Amino acid sequence: MTTLSIMNLFCLKLVQTIFLIYLVLQVDQLVCSKEVVRCIQSERTALLQFKAALTDPYGMLSSWTTEDCCQWKGIGCNNLTGHVLMLNLHGNYDYDYLYYYYYYGGGNRFCIRGDIHNSLMELQKLKYLNLSRNDFQGNHIPSFFGSLRNLRYLDLSYCNFEGDQIPIQLESLLHLKYLNLSWNYLDGLIPHQLGDLSNLQFLDLSNNDLEGSIPYQLGKLTNLQELYLGRKYEDSALTIDNKDHSGGFWGVFGSILIKRTWRHAYFKFMNNLADNIYVKCRRWLRG
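For the sequence shown, the positions run -17 to -1, 1 to 270 when mature numbering (1 follows the signal peptide of the UniProt record, and there is no 0) is used.
This is the structure we're talking about:
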């Protein structure tokens, strides 16, 4: 082997060795990196706008001052992307103890008050939203919540919300599994569009001032495991909507009382039952 060949071979081995060392260093940097993913700046701004519209007499949002909003109290982020996934700001506002709190100063009461700023629409990756047991007296449930289409969990119970109807825009929350609007001052009708939330497992509309018919479309919620529609006052006028449904009460809510795995067959049976009754009635009328 010539001297030139030996030198070429040596250079090739040297280049390979250097390349391998470079790869090892790069992998080590990726594995051992201490860099922390910070929150998205636009989402931080949205949260600060949300905070500015609120009154925070008990300092629930006192940690909302640092640069990284993922470290704020009540905020949960995706560790890889930095997007806000959770906003958990439940208070302990409770109608049953208001007199005690106000007049005797008892208990460890905390809540936020004010308006819910529409800047929350910026949180498009949000999956969990809990604003329960806060005081939003005089406000309606924001219709823009319907734009948070990645929501799986929405709890707005005990919030003093008022309004003539539950926002129909909530029908867009097709991934929603948990919806709690109980203990508010919501009146008007229950939107039949809630029957389109096919992934819903928990629904609580109890202790409001709702009236009219309970829409039969709620019977389409085949994944529903818990349903609460109890009335705040005995003179509340909620009835079962039998329109276009053969089974009345059992047609709407019978499915909730049977195992989820049987519900598809149950609905198919109810539809077939309606068809059979219609055919038999037509034949009977024709003599």
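Yeah, the Cβ is synthetic: ideal placement off N, Cα and C, and Gly gets one too. All values derive from a computational prediction rather than experimental measurement.
Check: For residue 166, which residues in the same chain have their Cβ closer than 6 angstroms to its Cβ, ignoring the five residues on either side in sequence?; Outcome: 140, 141, 190
Check: What is the rounded straight-line gap between the Cα of residue 137 and the Cα of residue 68?; Outcome: 12 angstroms
Check: Could you work out which residue in 60, 70, 63 is closest to residue 34 when comparing CA atoms only?; Outcome: 70
Check: Report the three-state DSSP secondary structure of residue 193 (helix, strand or coil).; Outcome: strand
Check: From residue 116 to residue 63, what distance separates their C-alpha atoms?; Outcome: 31 angstroms
Check: Quick one: what's got a C-beta closer than 6 angstroms to residue 104's C-beta in the same chain, skipping five residues either side?; Outcome: 127, 130
Check: Which two residues bound the contiguous alpha helix (DSSP H) that contains residue 26?; Outcome: 24 to 35
Check: From residue 47 to residue 28, what distance separates their C-alpha atoms?; Outcome: 11 angstroms
Check: Sort out for me which residues DSSP pairs residue 58 with in a bridge.; Outcome: 70
Check: In three-state terms, what does DSSP make of residue 154?; Outcome: helix
Check: So, are the CB atoms of residue 119 and residue 135 less than 9 angstroms apart?; Outcome: no
Check: Taking residue 45 as the reference, which of 20, 25, 26, 94 has the closest Cα?; Outcome: 94
Check: Considering just the uninterrupted stretch of the beta strand (DSSP E) at residue 136, what are its terminal residues?; Outcome: 136 to 138
Check: Is DSSP giving residue 146 helix, strand or coil here?; Outcome: strand
Check: So, with DSSP's three-state summary, where would you put residue 169?; Outcome: strand
Check: I'd like the list of long-range same chain contacts for residue 125, defined as Cβ closer than 6 angstroms, with 5 residues on each side in sequence excluded.; Outcome: 99
Check: Rounded to whole angstroms, how far is the Cβ of residue 143 from the Cβ of residue 158, which I believe are closer than 8 angstroms?; Outcome: About 27 angstroms separates the two Cβ atoms, so there is no contact after all.
Check: Among residues of its own chain, excluding the 5 on either side of residue 23, which ones have a beta-carbon nearer than 7 angstroms to its beta-carbon?; Outcome: 65, 66
Check: Could you tell me the boundaries of the beta strand (DSSP E) in which residue 112 lies?; Outcome: 111 to 113
Check: So, helix, strand or coil for residue 119, using DSSP?; Outcome: coil
Check: Tell me whether residue 206 is buried or exposed, calling it buried when 16 or more other Cβ atoms sit within 10 Å of its Cβ.; Outcome: exposed
Check: Does the distance from the C-beta atom of residue 58 to that of residue 30 stay below 9 angstroms?; Outcome: yes
Check: The beta strand (DSSP E) that contains residue 210, what's its start and end?; Outcome: 209 to 211
Check: Can you tell me where the beta strand (DSSP E) holding residue 128 begins and where it ends?; Outcome: Note, residue 128: premise wrong, no beta strand (DSSP E); not H, not E.
Check: Figure out for me which residue from 146, 196, 109 has the closest Cα to the Cα of residue 121.; Outcome: 146
Check: Could you tell me which residues DSSP pairs with residue 187 in its beta bridges?; Outcome: 163, 211
Check: Using a Cβ-Cβ cut-off of 6 angstroms (strictly less than) and excluding sequence neighbours within five positions of residue 208, which residues of its own chain qualify?; Outcome: 184
Check: Among 188, 200, 164, which one has its Cα closest to the Cα of residue 175?; Outcome: 200
Check: Identify, in the order they occur along the chain, each residue of the same chain with its Cβ nearer than 6 angstroms to the Cβ of residue 39, setting aside the five sequence neighbours on each side.; Outcome: 95
Check: For residue 51, does the three-state DSSP call read helix, strand or coil?; Outcome: coil
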